[in-house]
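One point on numbering: in full-length UniProt numbering, the residue at position 158 of the sequence shown is 158, and numbering is uninterrupted.
Shown next, in structure tokens, is the structure this report addresses.
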Amino acid sequence: MSHLPFSLPGFDIKQVLDVENTVVIQAAATRSTALCPSCQHISQRVHSYYTRSPRDLPSSGRAVQLKLLVRRFRCQNVQCPRLTFSERLPEVVAVSAQRTVRLSATLRLFAIALSAQLASRLLKEVGMPTSSDTLVRLVKQSLVSLKEVPKALGVDDFALRRGKTYGTILVDLSTHRPIELLLERTAETLSAWLEAHPGVAYISRDRSSEYMRGASEGAPQAQQILDRWHLLKNMREVVQRIVSRAHATLKQRQKEAGVTVRTPYKKKKRSSSEVAASQVARLRRQAWYEEVVAQYQQGKSIAAIARELQMSPTTVRKFVYAGAFPEHSAHKRRQTYRLTPYLSYLQQRVADGCENASMLWQEICQQGFSHGYKVVNTWLREYLGRPGRRSSEEEKIKQQSFLNAVAAEPGLLSSRTEMREDSPSQPAEGTVEPLGSPRHLTWLLVRDPEELDQQDQLTLSFIREVGDINIAYDLTQRFFTMVRERQADRLDTWLEECQSSGVPDLQTFALWLEAGIFCLERCPQLFLQQWTS
Numbered sequence: 001m002s003h004l005p006f007s008l009p010g011f012d013i014k015q016v017l018d019v020e021n022t023v024v025i026q027a028a029a030t031r032s033t034a035l036c037p038s039c040q041h042i043s044q045r046v047h048s049y050y051t052r053s054p055r056d057l058p059s060s061g062r063a064v065q066l067k068l069l070v071r072r073f074r075c076q077n078v079q080c081p082r083l084t085f086s087e088r089l090p091e092v093v094a095v096s097a098q099r100t101v102r103l104s105a106t107l108r109l110f111a112i113a114l115s116a117q118l119a120s121r122l123l124k125e126v127g128m129p130t131s132s133d134t135l136v137r138l139v140k141q142s143l144v145s146l147k148e149v150p151k152a153l154g155v156d157d158f159a160l161r162r163g164k165t166y167g168t169i170l171v172d173l174s175t176h177r178p179i180e181l182l183l184e185r186t187a188e189t190l191s192a193w194l195e196a197h198p199g200v201a202y203i204s205r206d207r208s209s210e211y212m213r214g215a216s217e218g219a220p221q222a223q224q225i226l227d228r229w230h231l232l233k234n235m236r237e238v239v240q241r242i243v244s245r246a247h248a249t250l251k252q253r254q255k256e257a258g259v260t261v262r263t264p265y266k267k268k269k270r271s272s273s274e275v276a277a278s279q280v281a282r283l284r285r286q287a288w289y290e291e292v293v294a295q296y297q298q299g300k301s302i303a304a305i306a307r308e309l310q311m312s313p314t315t316v317r318k319f320v321y322a323g324a325f326p327e328h329s330a331h332k333r334r335q336t337y338r339l340t341p342y343l344s345y346l347q348q349r350v351a352d353g354c355e356n357a358s359m360l361w362q363e364i365c366q367q368g369f370s371h372g373y374k375v376v377n378t379w380l381r382e383y384l385g386r387p388g389r390r391s392s393e394e395e396k397i398k399q400q401s402f403l404n405a406v407a408a409e410p411g412l413l414s415s416r417t418e419m420r421e422d423s424p425s426q427p428a429e430g431t432v433e434p435l436g437s438p439r440h441l442t443w444l445l446v447r448d449p450e451e452l453d454q455q456d457q458l459t460l461s462f463i464r465e466v467g468d469i470n471i472a473y474d475l476t477q478r479f480f481t482m483v484r485e486r487q488a489d490r491l492d493t494w495l496e497e498c499q500s501s502g503v504p505d506l507q508t509f510a511l512w513l514e515a516g517i518f519c520l521e522r523c524p525q526l527f528l529q530q531w532t533s
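Below, the structure is given as structure tokens:
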């Protein structure tokens with residue numbers, strides 16, 4: 001019977017029964033000896049027999065119940081306090097467990113891949129009925145117990161409530177597995193954990209001053225390494241602040257020069273309710289911006305403003321460094337590019353008189369299209385020149401409040417309203433298209449130039465005409481190369497050039513690197529170590 005999928009190591013299968021749609025497998029233990037769990041002495045003296053009934057993996061969709069005849073042994077070590085003990089079956093079922101090892105492992109995978117509630121409903125249909133509470137316990141039991149302190153420890157934060165509450169995750173960088181979750185991201189919390197688990201040799205972290213202080217206090221012997229991913233992310237954020245401040249200038253230069261930096265695309269017609277709702281949202285966002293700037297000018301910190309206004313620190317920081325109200329980009333990437341292989345077919349079907357988006361979607365799905373109905377519906381609406389969705393009752397209320405605000409103060413309507421109004425379905429050749437958002441332009445500055453297509457190269461050349469952006473581009477490309485290729489010998493020169501660049505954001509970033517990292521007097525290891533989270 002050893003060839004069967006439910007074969008049991010150390011057992012002789014006696015009988016297989018079908019009892020009330022459940023497969024019952026009766027088996028008896030075959031080992032002649034057992035090891036005492038207390039003194040580790042081998043015993044051959046059987047005291048008694050008893051039956052264990054753990055559940056096992058299903059067979060052909062039906063639940064499987066094991067009936068295992070196992071033994072109690074007498075311990076023959078006279079100095080052992082234990083007189084009798086049950087034989088251990090680690091390959092089949094754990095001590096006191098009601099499920100086999102392989103069933104528990106399978107249930108755990110379901111619980112991790114899905115939620116406990118969803119997994120519980122699904123498992124009932126495949127012959128493994130299990131409650132959601134049991135699945136949660138199995139997942140908790142699977143958490144790695146820290147048997148030895150990792151040599152290299154990764155430290156990062158995670159959101160318990162995004163923008164509000166954060167904790168700390170600790171990762172063993174040798175195995176890339178989480179080993180601990182801390183409910184705070186403070187220096188005291190990290191320091192206490194490190195003091196309770198001495199022996200960490202390397203700590204890879206972001207540039208948080210809290211983590212730097214916690215690591216220094218809790219594990220002064222450990223070498224702190226600034227995580228390379230966070231280094232590149234921090235550099236990209238510096239570049240984005242530079243681009244954000246220059247964005248208004250770039251748009252003005254583009255308008256004056258009449259430069260087309262993007263291929264004209266077919267614009268979406270907007271209903272009056274969509275325009276009104278958009279402007280209401282813009283007015284609300286502008287009010288937040290003005291409040292943030294006013295409080296920052298009064299001397300409040302970004303963190304204090306975020307707490308008081310209950311805003312994300314990232315948004316507050318963006319408003320503070322923007323220099324002017326940061327408009328949302330008018331150009332958004334369309335998902336209709338996914339329809340490119342099917343455009344000729346769709347256009348022909350529309351020409352034949354079919355204007356049913358659902359029918360068109362079903363037809364191209366049969367040809368291999370794997371995306372949603374909404375993509376086809378959006379394309380069809382724009383292709384036919386139809387406006388967007390009608391407003392709901394809630395949107396009508398927003399529209400009315402917007403109209404009342406405009407009536408009271410007409411100046412609230414900016415030039416952006418006109419830009420958002422319905423436009424010709426196809427721009428004329430040479431029409432000046434709006435620049436991408438600061439975030440999009442930043443990615444052009446940090447990516448490898450060889451990866452950019454002709455359109456992106458044109459946009460990159462245009463935005464580099466602004467002095468600060470051109471300076472930042474050269475230094476950013478060199479920094480990314482240094483970090484990726486770990487060229488520590490070029491770092492001093494790069495820092496000096498940042499300090500003399502005349503760009504405040506680059507100067508601040510360079511000062512932070514010198515003060516926050518190199519005070520550890522381990523500069524080369526910053527780039528040469530393999531550890532990174």
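All residues carry an ideal CB built from backbone N, CA and C; glycine is no exception.
Within 10 angstroms of its Cβ, does residue i collect 16 or more other Cβ (buried), or is it exposed?
i	result
Q240	buried
P326	buried
Q426	Any reading at Q426 must be qualified, since the residue scores a pLDDT of 42, below 50, and its modelled position is unreliable; no value is offered.
E429	Caution is warranted here: a pLDDT of 44 is assigned to E429, below 50, making its placement in the model unreliable, and no coordinate value can be reported.
I42	exposed
M359	exposed
K318	buried
S415	A caution first: S415 carries a pLDDT of 39, below 50, which makes its placement in the model too unreliable to give a value.
A222	buried
Q279	buried
P58	buried
T33	exposed
Y49	exposed
E20	exposed
S301	exposed
F158	exposed
E290	exposed
A196	exposed
Would you check if the distance between the CB atom of residue i and the CB atom of residue j is smaller than 8 Å?
i	j	result
S174	G218	no
L506	A472	yes
I179	Y202	no
L89	V70	yes
S204	G167	no
G214	V149	no
E139	R108	Going by the sequence as given, residue 139 is Val instead of Glu. In contact: V139 and R108 (Cβ atoms closer than 8 Å).
S104	Q117	no
V466	A246	yes
Y345	I364	yes
L181	I169	yes
T106	S120	no
D156	D206	yes
V45	Q76	Note that residue 45 is Arg in the sequence shown, not Val. Result yes, Cβ atoms of R45 and Q76 sit closer than 8 Å.
Skipping 5 residues on each side, what residues in its chain have a beta carbon closer than 7 Å to that of residue i?
i	result
R236	T442 and V446
E521	Per-residue confidence for E521 stands at a pLDDT of 43, beneath the threshold of 50, marking its modelled position as unreliable; no derived number is given.
D18	none
L232	F480 and V483
A306	S312, P313 and V316
E514	L495
Excluding sequence positions up to five away, which residues of its chain have a Cβ less than 6 Å from the Cβ of residue i?
i	result
T84	H47, R72 and R74
A248	A324
L66	I25, P54 and D56
D456	L444
R99	P54 and R55
A187	E210, R213 and G214
Go through its chain and collect everything with a Cβ distance to residue i's Cβ below 8 Å, but skip five positions before and after it.
i	result
R31	G10 and E87
A303	P313
Y373	A357, S358 and W361
V293	F319 and V320
Report, in whole angstroms, the separation of the C-beta atoms of residue i and residue j, which I expect to be a contact under 8 Å.
i	j	result
V238	F462	V238 to F462, Cβ: 21 Å. No contact.
I242	D468	5 Å
residue 562	V95	Given a span of 1 to 533 for the chain in the structure shown, any question on residue 562 remains unanswerable.
Y321	S244	6 Å
L343	V375	Wrong, their Cβ atoms sit about 12 Å apart, outside the cutoff.
S38	R102	Contact flag wrong, Cβ pair sits at about 28 Å.
For residue i, verify whether its CB is less than 7 Å away from any heavy atom of the ligand NAD.
i	result
E20	You won't find the ligand NAD in this model; it holds no ligand whatsoever.
Unbroken stretches of the alpha helix (DSSP H), 4 residues or longer, contained in the region 191-256: 209-218
Beta strand (DSSP E) runs contained entirely in the region 92-174, provided each spans 3 or more residues: Runs found: 152-161 and 165-172.
Inside the region 304-332 only - alpha helix (DSSP H) runs reaching at least 4 residues: 313-322
Ordered list of beta strand (DSSP E) runs contained in the region 36-93, each at least 3 residues: 46-52, 55-59, 62-74 and 84-86
Unbroken stretches of the alpha helix (DSSP H), 4 residues or longer, contained in the region 474-524: 491-499 and 504-512
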